[in-house]
Amino acid sequence: MLEHFCECYSDLSGPILCPVLGSIIPIFIPNSRIRPIRLIGLCASLITFLYSPVPRIQFDPSTAKSQFVESLRWLPYENINFYLGIDGLSFFFVILTTFLIPICILVGWSGMRSYGKEYITASLIREFLMIAVFRMLDPLLFYVLPESVLIPMFIIIGVWGSRQRKIKAAYQFFLYTLLGSVFMLLAILLILFQTGTADLQISLTTEFSERRQIFLWIASFAAFAVKVPMVPVHIWLPEAHVEAPTAGSVILAGIPSKLGTHGFLRFSIPMFPEATLCSTPFIYTPSAIAIIYTSLTTSRQIDLKKIIAYSSVAHMNLVTIGMFSPNIQGIGGSIPPMLSHGLVPSALFLCVGVLYDRHKTRLVRYYGGLVSTMPNLSTISFSSTLANMSSPGTSSFIGEFPISVGAFQRNSLVATLAALGMILGAAYSLWLYNRVVSGNLKPDFLNKFSDPNGREVSIFIPFLVGVVRMGVHPKVFPDRMHTYVSNLVQHGKLN
């Protein structure tokens, strides 16, 4: 029994088991001892983060196949097993997940005074589910696990949200994403019926008829488009961000939207290449419109969180243009912006959280002249704003430029609209920074100011380092992902 456990606790199952154990231990500790509970949660998340890059030591970037594959018999009479693996696509998403969870625990360190034990447990369960999603090679569990992530997110928004409408926002988030995935379940059942196995790697090599490909692609698109989110099924995201606590907004910006884009790259595009090529105009049109529409909508918002949320939608729709550009530049360029999107909007939400903790308002008109009263926060906000503008030398630039090149090879009009959206993004980012940080103070509304303390500054530092590291030395990403992307383009015949 012990030998079997040690065999399972390997490079992949270790980071999955650690948050599970960390979420179980606090159950046996009284609620009055909140500090040990927080320390257990933080230590479990940090150990998971430190353990997650271990597969890189033996990772072979020359193959597109999943590596370190593990299998645990789950429903043997239905031929459904708990398959785990890692490749050039999932490797960095796992690291991003394990990076954000300790940050979220630190952000809620003093703010989550009520139900602190439940918050730690929900955070660690959420981490376990998201790591399992990115490493899952079983189609059925590939549906079950992303939907399971909705439960802890629903609880975090509904219980620790900041306003009276938090329950409505939680239900909107839950129902939008769950209902969109019902079609995905039908598609997976049809795939299991045809292939006779629950191994995703076998399903990827299965030939589907053109008509069946189109049906299965539309079913999977309905699930993943809501999670990205694409316009017009994006309404849940701004409301969820506004009502969620700061830690909830950080993880909401960092991971759930990647479940949609990861699903496209893992499931829809490689499994249904002919349907993907046929649907490219169908993706290009709403994505290009969404970039312009959400960029213009952003400049009309008065709530700081809504501004960042709509900006997030614009960036993710640019990613969808890259994913469905059938060339290496487009698909390969779409992956770094997904990772960058886990850092930049999260840092901006943290800046808003610092302001809200002190002044209990997120309305733009109440702020101004913060550079003279909160210089450290102003500097951090400026760095995050540059990254949000996709300035050269930041993490956003290294992906959005190749996306533009890849889209131009396919459709010059779409590439032009995407570039226009990037210009609008720079415009509203500078407008927001100027309104909040520059100008005159407004003592009639706010008269007590305090710069971020040491704990808050230490939370910002990893984000800033990650943004600059990705922007200045991005070579590590194509080194790990190039083989997977090349295989996706050539094997899927996306050219």
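Note that the sequence shown covers residues 802 to 1296 in the working numbering. We put the beta carbon where it would ideally sit given N, CA and C, even for glycine. If you're wondering where the values come from, they're calculated on a predicted model, not measured in any experiment.
- The stretch 819–884 contains, as complete alpha helix (DSSP H) runs of 4+ residues, the segments 835–852 (chain order).
- Within the same chain, Cβ atoms closer than 7 Å to the Cβ of Arg966 are found at Glu1044, the five residues on either side in sequence being excluded.
- For Ser1147, the uninterrupted alpha helix (DSSP H) segment begins and ends at 1145–1160.
- The closest CA to that of Phe1150, considering only Met954, Ile904, Gly886, Lys918, is found on Ile904.
- Contact between the stretch 993–1006 and the stretch 1073–1086 is absent: fewer than three C-beta pairs spanning the two stretches fall below 8 Å.
- A straight-line Cα-Cα distance of about 19 Å links Leu1005 and Ser863.
- Taking a C-beta distance under 8 Å as the contact criterion, Ile1015 and Leu941 do not qualify as a contact pair.
- Counting only the Cα atoms, Ala1023 lies some 32 Å from Ala1228.
- Annotation: Gln1210 to Lys969 spans about 43 Å, alpha carbon to alpha carbon.
- Between Ala933 and Thr1284, the gap from beta carbon to beta carbon reaches 8 Å or more.
- The stretch 1161–1180 and the stretch 1208–1222 do not touch, with fewer than 3 CB-CB distances between them shorter than 8 Å.
- The alpha-carbon separation between Trp1232 and Val821 amounts to approximately 44 Å.
- DSSP assignment within the stretch 1016–1081 yields the following whole alpha helix (DSSP H) runs of 4 residues or more, N-terminal first: 1037–1044, 1047–1055, 1057–1064.
- In the structure shown, the three-state DSSP call for Ile1108 is helix.
- In the same chain as Ile1103, and ignoring 5 residues on each side of it, the C-beta atoms closer than 8 Å to its own belong to Leu1164, Val1165, Arg1166, in chain order.
- Here Leu1140 carries a helix assignment [DSSP, helix/strand/coil].
- Here DSSP, grouped into helix, strand and coil, assigns Ile1103 to coil.
- Secondary-structure assignment with DSSP links Leu1225 through no beta bridge to anything.
- Distance from His1042 to Leu1053 at the Cβ level is roughly 6 Å; contact confirmed, criterion being Cβ atoms closer than 8 Å.
- Per DSSP, Gln965 lies in no alpha helix (DSSP H) segment and is marked neither H nor E.
- Going by beta carbons, Thr898 and Ile1036 fall outside the 8 Å limit.
- With a threshold of 16 other beta carbon atoms within 10 Å, Ser833 falls short and is exposed.
- With a threshold of 16 other beta carbon atoms within 10 Å, Asn1241 falls short and is exposed.
- Gly1134 sits in a helix when the DSSP states are folded into three classes.
- Exclusion of the five residues before and after Phe894 leaves Phe935, Lys1059, His1063 as the residues of its chain whose Cβ lies within less than 7 Å of its Cβ.
- Contact between the stretch 836–848 and the stretch 925–932 is present: three or more C-beta pairs spanning the two stretches fall below 8 Å.
- Taken through DSSP and simplified to helix, strand or coil, Met937 comes out as strand.
- A buried status is given to Lys1106, since no fewer than 16 other beta-carbon atoms sit within 10 Å of its beta-carbon.
- Using a 10 angstroms sphere on the CB of Glu1011, the tally of other CB atoms stays under 16, which defines it as exposed.
- Note that the C-beta distance between Ser1192 and Phe1198 is below 8 Å.
- Here Gly886 carries a strand assignment [DSSP, helix/strand/coil].
- For a cut-off of 8 Å, the C-beta gap from Ile957 to Phe974 is around 10 Å, too long to register as a contact.
- In terms of CA proximity to Thr1195, Gly1272 leads the group Gly1267, Tyr1168, Gly1272.
- Apart from the 5 residues on each side of it in sequence, Ser1050 sits with its Cβ closer than 6 Å to the Cβ of His1042, Phe1150 in its chain, given in chain order.
- Taking 8 Å as the cut-off, the Cβ atoms of Met1175 and Ser1088 do not count as close.
- The shortest CA-to-CA distance from Ile1109 to any of Leu1119, Ile1224, Thr1095 is the one to Thr1095.
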